[in-house]
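Report on one structure; see the data block that follows.
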Amino acid sequence: MGKERKNTEDADRKSGQKGIRARVVVLSVPLIILNAFWLFANWGVSGYDSSQSFATIISLFYNVIFCMVVMLIINAFLKRALPKLAFTSSELIVLYVLLTIGSVMAGHDSTQLLWPMLAYTAWFASPGNQWDKFTSYMPSSLTVQDKNLLKTYFLGNSTIYTWEHISIWLIPVLLWTVIIVTMTLVMLCILALLADRWTRQEK
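Quick note on numbering that gives the first Met the number 0: the sequence shown kicks off at 0 and runs consecutively.
Here it is in structure tokens:
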């Protein structure tokens, strides 16, 4: 057992010297999409309505842990049957980080609440709350303010898959996506600048 572990560590060290292979990033894309769907589904009918906990309100996201357990099982098989296709420890760590970041973006108190909020103030504005006083200051390109077009969104009995419905959401969603991606890139750039100091000098 000790010899096998040593061989595995040596193989990981040699693979790590060659860098992280691009297939990890490619694999993360469909997994992030599936995780986002899982999180949004959990936020809806299976979330609030059933009093289940949300994956992203605890420090270790159980959706990511589940994916990594499955990946470890698959990787154990690959190491025995197809060692050249097996993932190294470094690659699995990168996959974990990518899935975690993707889950943060799609998780509770993030985009799960952002998208409804784009139309919330316009629809629920009333003489009582006087929200119309500040909604006029909100950029129209970043929100959905046409109350007539929001009827089907809040009242139902329709589908999003019509151009009339897609068109009112297209620009706000695209602009907020750009904002979120930019903020994420800035965060990662700051992390890259400070990572060495945080991990080696100020433990």
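Heads up, the beta-carbon is just placed ideally off N, CA and C, and yes, glycines get one too.
query	result
Alpha-carbon to alpha-carbon, Leu149 and Trp208	Any answer about residue 208 is impossible in this case: the structure gives the chain only from 0 up to 202.
Any 3 or more C-beta pairs closer than 8 angstroms across the stretch 86-102 and the stretch 50-68	yes
Three CB pairs or more closer than 8 angstroms across the stretch 73-88 and the stretch 110-122	no
Coarse secondary structure for Ala65, derived from DSSP in three states	The sequence shown places Phe at residue 65, rather than the Ala named in the question. DSSP places Phe65 in helix when its eight states are reduced to three.
Closest by C-alpha distance to Leu174, when choosing among Leu71, Ala85, Leu141	Leu141
Extent of the continuous alpha helix (DSSP H) run through Tyr160	Premise fails: Tyr160 is in no alpha helix (DSSP H) and is neither H nor E.
DSSP state of Leu128 mapped onto helix, strand, coil	Here residue 128 turns out to be Asn, not Leu, going by the sequence shown. In this structure, Asn128 counts as coil in the three-state DSSP scheme.
Endpoints, alpha helix (DSSP H) assigned at Pro115	110-123
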